[in-house]
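Colleague: Would you mind keeping the following structure in view while I ask a few things?
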Amino acid sequence: MAANGRKIQQQVLALLARKDYRPLNTIDIARELGLTGTQRNALRKTLRELERAGEIARIRRNRYVLPAEAELVTGKLSIHPAGYGFLVPETPGQPDIFIAAENIGTAMHSDRVVARISRDAPYDRIKGRREGRVIRILERAHDTIVGTLQRSRNFYYVVPDDPRFVHDIYVRGDTDKGVSTRASLGDKVVVRLEPWESRHVNPEGEIIEVLGPATAPGIDMLSIIRKFHLPAEFPKDVLNQAERISEEIGSRQIEGREDLREEFIVTIDPDDARDFDDAIHVDKTKSGWWLGVHIADVAAYVEPGSALDREARRRGNSVYLPDRVIPMLPERLSNGVCSLNPGVDRLTHSVFINFDKNGAAKSARFARSVIRSAHRLTYKQAYTILSSPPRDELGERLHLAWQLAVLVRRKRFEHGALDLDFPEVKVWVDKKGHPVRLERVENDESHQLIEEFMLAANEAVARELTKRAIPTIYRVHENPDPEKLAEYREFVLSFDYKVGDLTHRAELQRLLASIQGKPEEQALKVALLKSLKRARYSAQPLGHYGLSKANYLHFTSPIRRYADLVVHRALGRDGAARRPYHMDMGEIASIAEHISATERNAADAEIDAAQMKKLEFFQRQLDERNPQIFRAAIVDVRNYGLMVELPDALITGLVHVSSLTDDFYLFEPARRQLIGRRSRKRFRIGDNVSVFVARVDAFKRQVDFAIAAPLQTATKNSRARRRKQFSSA
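Here the sequence shown is numbered in our numbering, starting from 1000 and rising by one per residue.
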């Protein structure tokens, strides 16, 4: 079809683009183009493909037009739990389109749809934003839904776990020998959706898997796995191939490699890490510094096109849930032969970078190598060593490495990098999967040390491959839309910060520096991230806005990211076949698009799982009637209460005004504060308070808190902070 199909495609697009074109159906288009016989079959296929690609659109009576001519937009639908949605256009540069709940039709969250722009829409509903109506669903994002089985008087239904699926799903009842024989009320189940034609009735489906009682241990994480379609097991042929790989490094495998086994090389990873794919060592030179970054040579074991490779590409990346890891590679590789465990020989791909005395990279070289790690450190252990004078060779080496990291980090921010680092909260669970502790993980010196060296290695490899003009997968972060930054600026101004034009990088850096350590820092950073474009993978080196780098890619984590494995193959030779490995641009672009999608899916699953465990953590405190007191910061004030953020749990919740029983509080919208009518006590953005959990809504993913004891100096301190901000701005 290829040549004939392309010719028909060109003819169709040319016809629809003509100024005198009037919408035609398939038969009329065939007649207009003079097509007969088998050509008409090719035309029907071409029209389907063009419609699926969003290049043409089908309107009433199955007539075809160019989307722009009919004010049609193709994109992905994002639905809010309140029922309305936004269409994210596929065409770069186009703003999102608001879709009111009554205009969504039977579309569901993440569906790929066509919407028509509404010229008569009430524009004041969302100021300055276009509105539209879904007219066609091109692709369903989901054919299954995970939820909880419930029953009304007359029928069974499943409440979806994801609140963005706003409709319950009807399922067959016991009169059809259905659900009651396979599932019990309150069970988590997987439902296969049936075609949904009318929004006036709820969607229907069939239960295809019963996961178990919603409250049973492990069922919550199993529901996450099913909800995000994560692979639970490796295929047998993949495991068999992994088992055939020897855990011993033979002499033939070392031939031709640079032998670094006598070098003082260490790994630094999280406490609970099971795979170690990067190691470092640093030396001082007469002219500056010498850094070695050594990355597990996964390409030496995973041949292109093998069962291992196909499965790794399909998964795209590892997924980290609170109680388990869903790895990209089988455990024999990820935790075994590819993991840079201390005291054993491991095959690596090394990057050696020379820095001058000021921390500027001057040259780099690359080599396939073999190492023997001297120490395996956790971040906590490394931080402890860096926090005290060196006592041995390990301490001296680590302090030396930190001296270089400080210079490299300073140089990076001088060149315009944005400080978008966030603290994380690790949810610790017991053997049954119940959350027992929340631990805030700071981006301290130990994390920063590794971060700077990995960034330097990634950039060095990107520069090299760009210079060699070797096709590969780049990590890109495109420049933000000025309109989004303007909207974000308005949000910042509401926090009483003076801020200029945020399209200027220096102004954005100044803002990030000014909010550091403030109660509203998290809220403002999250809002900024939402205003920026999402980082993704691309076959083209489009630059990285956040890091302020022209060339950047991922090289340092091939055990858990397929992108890095592709880069390793591009940089060197496939270790098993000992021959150059090349992919064409079409294949690279396809892989980049696929792993961008798997990465987004994994991130959503990880966030969802962590949020679920945090809610369970608070619910268990309520059940045990032993609520823990948390420090919190007020990040917003509304007429119905205070939005507070818990820095030690990284969760936001509401203190409802009705829970403030010591006085009757009035809302002052101009100053965004609640003020006590009798006591004149004030609650403002930035105030610090102490709270305990009052209510948990697991379905809506919401937590309500109550004030335990306001910090006496909160309002005074917040006022002083604001005066200082104005005087220094």
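Quick reminder that beta carbons are idealized off the backbone N, C-alpha and C, glycines included.
With a threshold of 6 Å on Cβ separation, who are the neighbours of ILE1103 within its own chain once the five nearest residues in sequence on each side are excluded?
Modeller: GLY1084 and VAL1133.
Colleague: Could you check whether LYS1226 and VAL1426 sit closer than 9 Å to each other, using their CB atoms as the reference points?
Modeller: No, Cβ-Cβ distance for VAL1426 and LYS1226 is not below 9 Å.
Colleague: Do you know how far the Cα of ARG1439 is from the Cα of ILE1098?
Modeller: Spanning the two alpha carbons is a distance of roughly 38 Å.
Colleague: Look at the Cβ atom of LEU1259, then the Cβ atom of SER1368, and state whether they are nearer than 9 Å.
Modeller: Yes, they are a contact pair.
Colleague: Less than 8 Å between the CB atoms is what I'm expecting for LEU1320 and ILE1223, so what's the real figure, rounded?
Modeller: Contact flag correct, Cβ pair sits at about 7 Å.
Colleague: Figure out for me which residue from GLU1054, THR1025 and ARG1051 has the closest Cα to the Cα of ASN1040.
Modeller: Of the candidates GLU1054, THR1025 and ARG1051, the one whose C-alpha sits nearest the C-alpha of ASN1040 is THR1025.
Colleague: Hey, how far is the Cα of SER1333 from the Cα of ASP1268?
Modeller: Straight-line Cα distance between these residues: approximately 14 Å.
Colleague: In this structure, does DSSP put MET1582 in helix, strand or coil?
Modeller: Three-state DSSP puts MET1582 in coil, outside helix and strand.
Colleague: With a floor of 3 residues, list each beta strand (DSSP E) that falls wholly inside the region 1247-1317, ordered by position along the chain.
Modeller: Correct list: 1265-1268, 1277-1283 and 1287-1295.
Colleague: Would you mind reading off the limits of the beta strand (DSSP E) that contains ARG1681?
Modeller: Taken as a continuous stretch (DSSP letters only), the beta strand (DSSP E) holding ARG1681 covers 1681-1683.
Colleague: Between the region 1430-1446 and the region 1519-1532, are three or more C-beta pairs nearer than 8 Å?
Modeller: Judged by Cβ distances under 8 Å, the region 1430-1446 makes no contact with the region 1519-1532, as fewer than three pairs qualify.
Colleague: Using alpha carbons as the reference points, say which of MET1327, ALA1562, ASP1270 and GLU1050 lies closest to LYS1237.
Modeller: First, the amino acid is wrong: residue 1237 is Val here, not Lys. The residue with the shortest Cα to Cα distance from VAL1237 is MET1327.
Colleague: Using a threshold of 9 Å, state whether the C-beta atoms of PHE1617 and VAL1654 are closer than that.
Modeller: No, the Cβ-Cβ distance between PHE1617 and VAL1654 is not below 9 Å.
Colleague: Would you say TYR1536 and SER1445 are within 9 Å of each other, going by their C-beta atoms?
Modeller: The answer is no: Cβ separation not under 9 Å.
Colleague: Put ILE1628 into one of helix, strand or coil per three-state DSSP.
Modeller: Three-state result, ILE1628: coil.
Colleague: Quick check on the DSSP output: the beta strand (DSSP E) that includes THR1383 runs from which residue to which?
Modeller: First-last for THR1383: 1378-1385, but that is the alpha helix (DSSP H), not the beta strand (DSSP E).
Colleague: Counting pairs of beta carbons, one from the region 1346-1361 and one from the region 1266-1286, are three or more of them closer than 8 Å?
Modeller: Enough Cβ pairs lie closer than 8 Å, so yes.
Colleague: LYS1018 to GLU1482, Cα distance in whole Å?
Modeller: Those two C-alpha atoms are separated by around 33 Å.
Colleague: Could you pull the start and end residues of the beta strand (DSSP E) that GLU1644 belongs to?
Modeller: Per DSSP, GLU1644 belongs to the beta strand (DSSP E) from 1640-1645.
Colleague: Any contact between the region 1443-1462 and the region 1587-1594? By contact I mean 3 or more CB pairs, one from each, below 8 Å.
Modeller: No, the region 1443-1462 does not touch the region 1587-1594.
Colleague: Report the three-state DSSP secondary structure of LEU1042 (helix, strand or coil).
Modeller: Helix.
Colleague: Work out the CA separation of SER1305 and HIS1141 for me, nearest whole Å.
Modeller: HIS1141 and SER1305: Cα-Cα distance of roughly 29 Å.
Colleague: Just curious, the beta strand (DSSP E) that PRO1159 is in, first and last residue?
Modeller: Residues 1155-1159.
Colleague: What three-state label does DSSP hand TYR1122 in the structure shown?
Modeller: Legend: pLDDT at TYR1122 = 47, less than 50; position of this residue unreliable, value from coordinates given subsequently. Of the three classes helix, strand and coil, the one that applies to TYR1122 here is coil, per DSSP.
Colleague: Which first and last residues belong to the alpha helix (DSSP H) in which ILE1026 is found?
Modeller: Segment 1025-1032, the alpha helix (DSSP H) holding ILE1026.
Colleague: Is the beta carbon of ILE1650 less than 9 Å from the beta carbon of VAL1702?
Modeller: In this structure, VAL1702 lies closer than 9 Å to ILE1650 by Cβ.
Colleague: Is it buried or exposed for ARG1152, if we count other Cβ within 10 angstroms and need 16 for buried?
Modeller: When all chains shown are included, ARG1152 counts as exposed.
Colleague: When DSSP labels each residue in this structure, what does ARG1323 get in the three-state scheme?
Modeller: It is a strand residue.
Colleague: Can you tell me whether PRO1388 is buried or exposed, with buried defined as 16 or more other CB within 10 angstroms of its CB?
Modeller: With fewer than 16 other Cβ atoms within 10 Å, it is exposed.
Colleague: Going by DSSP in three states, LYS1497 sits in which element: helix, strand or coil?
Modeller: Three-state DSSP puts LYS1497 in coil, outside helix and strand.
Colleague: Give me, in chain order, the residues of the same chain whose beta-carbon lies closer than 7 Å to that of PRO1022; leave out the 5 immediate sequence neighbours on both sides.
Modeller: Answer for PRO1022: ILE1058, ARG1062, TYR1063 and VAL1064, listed in chain order.
Colleague: Please list the terminal residues of the continuous beta strand (DSSP E) segment that includes ASN1353.
Modeller: From DSSP, the beta strand (DSSP E) with ASN1353 extends over 1344-1355.
Colleague: Between ARG1060 and GLY1131, what straight-line distance do the alpha-carbon atoms span, to the nearest angstrom?
Modeller: Going from the Cα of ARG1060 to the Cα of GLY1131 covers about 20 Å.
Colleague: Across which residues does DSSP place ARG1694 in a beta bridge pair?
Modeller: DSSP, once it has assigned bridges, lists ASP1703 as partnering ARG1694.
Colleague: Enumerated in chain order, which unbroken segments of the alpha helix (DSSP H) with a length of 4 residues or greater are wholly contained in the region 1443-1514?
Modeller: For the region 1443-1514, whole alpha helix (DSSP H) runs of length 4 or above, ordered along the chain, are 1444-1467, 1481-1492 and 1504-1513.
Colleague: Between which residues of its own chain and ARG1504 is the CB-CB distance below 6 Å, once the five residues before and five after are set aside?
Modeller: Within the same chain, ARG1504 has close Cβ partners GLY1415.
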